[in-house]
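Residues 6 to 446 in the numbering used here are what the sequence shown lists, from first letter to last.
We put the CB at the ideal spot given by N, CA and C, even for glycine.
Written out below as structure tokens is the structure these notes cover.
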Amino acid sequence: MENQINVGDQNLEQVGQNPINQPRQIPERPKINYWMLSTILLFIVLLASGGWFILNSKNNNSSEQQRPTIIQANQTVTTGVIRTSGLSDEEKQKFGLTNVNYQITDFGDYQKTYQEGRIQGYYLISNNVNDELLGKCVHITGTIPEEWKNKNKADAYSRSVLNVAKIEKIDNSNCNPYSQNSQTQPTIDNSQEKLVLRGSVIRAKRPAPDIGYDYQLKLVEPFVDKLSSAGSPQKVSLVDVTPTTNNLWNELENNINKEVTVEGYMVWGYAESRYLQIMTINNHVPTGNAAAPKTYNSANLTLRYPSNWKVSTRQIEYYDFPTLELTKTGGTKMTGGYELPEIWIGSFEIYSTSGAICANEPECPKVDTISFTIKGKSYSTGVFRRQIWESGKFTGKYFYVFQIGSQSELDSVPSKPTITGQYNTTSEKAEIESILSSINY
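This is the structure we're talking about:
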């Protein structure tokens, strides 16, 4: 301890001549220097500011050069996806946006943005935004009009307005409008129906700014939505579709005005509307003769079937004629030699010798009906849901079965056949109805 004190004393003696007077000299000298320095700096700043003001007041060009700096201070920069505005004509009048047809939105986590009350989009005032930018990821720089800075955004669907100064199309990987989870599955209940549909992808106009109906599928063949909001089954030829992942969004964008096959679920949406929530997309490349049906002829009946189906016959006991078996190329193989979809026309002994279509399953509820017309006469029968089993275990999946004729409903057909069928999707059901309606005798 003494050594440390002695060293300190030695240092004090080296720095100042009088260690007692030293503390008085140290604070006095900085005070004078800082004050002088501050005064000099203030004088320089005032002189420079005055010169700058005089120079700019005399030089119009300098005034013009300052404007970008002012704009820069009030600019809003955002990245998102271009969509239709969704505003009705009345809303455009109300908000003073009569010429606004587009918005930028899809900033990312919608739920989080909504819960935190943040801006969910901007209506775009610009002559440089057009349909070619719809569905594209863009980077926008612009300014918010003064009248919109303090406006209640809730009245405008949690959106504001941007006067676009600059817009730049960037790669879609920079945007995140949909979930990244490729395993996203809707919660299945009795209001949802799995579908496989084929059609052309087209763009749609949003019914409201915050309703993401941005795509539609124009179907090659209509399907019947038995849970239509109309309260009764309705044929649908144009359906709203939404992707569940960013990858599916990119697939839709890459196939605008092209024909694809999609798989998904019909679910309830905006204002009791129905839309298809897409789970998979496949490019559809039609073959040269895909549209030309084939014809099967026998002594008892004739029928037409699509070129991607095939017909075989086999003799089943207790039925005097060969039983027709129609299967689809590339169909799903099932335990027991069955396929999905498949049709039998002839014997009733398909699943059991008794003809029971539910076999011994404890649960086989009626969930639908299937209808067709033969020579002007309409036929209809119930469709039952069966479980799919593999290796003695229920897979958690289902298929649908029906049978008509065992009670002589088809007595008018000379061979008095029983028609049995099974399928997995409503598009397969529609194909079966078309095949059966082509029967002639």
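| query | result |
| --- | --- |
| CB-CB length for M284 against D230, believed under 8 Å | No, M284 and D230 are not in contact; Cβ-Cβ is about 18 Å, not under 8 Å. |
| Own chain partners of P248 with C-beta closer than 7 Å, once the 5 adjacent residues on each side are dropped | Y183, W254, L257, I283 |
| Integer Cβ distance of Q408 from F353, believed to fall under 8 Å | 7 Å |
| Three CB pairs or more closer than 8 Å across the region 89 to 98 and the region 201 to 216 | yes |
| Pairwise C-alpha distance: A364 and Y218 | 43 Å |
| Contact under 9 Å by Cβ, T81 with F228 | no |
| For T340 and W394, believed in contact at Cβ under 8 Å, the rounded distance | 6 Å |
| Sequence ranges, alpha helix (DSSP H) only - wholly within the region 154 to 235, length at least 4 | none |
| C-beta atoms of L202 and L232 nearer than 9 Å | no |
| Cutoff 6 Å; reference N447; Cβ partners in own chain excluding five residues on either side | Residue 447 lies beyond the residue range present for the chain, which begins at 6 and ends at 446; the question has no answer from this structure. |
| Whole-number beta carbon distance between E173 and V134, since they are thought to touch under 8 Å | Contact flag wrong, Cβ pair sits at about 12 Å. |
| Short Cβ contact (9 Å threshold) for G426 with I437 | yes |
| Where N79 falls: helix, strand or coil (DSSP) | helix |
| Span of the beta strand (DSSP E) around F326 | Note, F326: premise wrong, no beta strand (DSSP E); not H, not E. |
| Residues of its chain near R164, where Cβ-Cβ distance is below 7 Å and the 5 sequence neighbours each way are ignored | Q108, I124, Q125, G126, Y127, Y128, K158, P214 |
| Run of the alpha helix (DSSP H) containing I440, from where it starts to where it stops | 431 to 442 |
| Same chain only: Cβ atoms within 6 Å of W153, ignoring 5 sequence neighbours per side | S165, V166 |
| Bridge partners - V535, DSSP secondary structure assignment | Nothing can be reported for residue 535, as the shown portion of the chain is limited to 6 through 446. |
| Exposed unless 16 or more other CB atoms sit within 10 angstroms - verdict on T145 | In the sequence on display, residue 145 carries Ile and not Thr. With 16 or more other Cβ atoms within 10 Å, it is buried. |
| Nearest-angstrom beta carbon gap, W314 and L329 [assumed within contact, 8 Å] | Actually they do not touch by this definition, with Cβ atoms about 11 Å apart. |
| Nearest neighbour of L281, chosen from N305, L51, V241 [CA to CA] | V241 |
| Reduced DSSP secondary structure (H/G/I, E/B, other) of E395 | strand |
| Coarse secondary structure for L331, derived from DSSP in three states | strand |
| Cβ neighbour criterion (16 or more within 10 Å) applied to I350 | buried |
| L200 and G269 closer than 9 Å at C-beta | yes |
| C-alpha distance - L306 paired with Y446, whole-angstrom precision | 4 Å |
| Alpha carbon of E344 to alpha carbon of G410, nearest angstrom | 21 Å |
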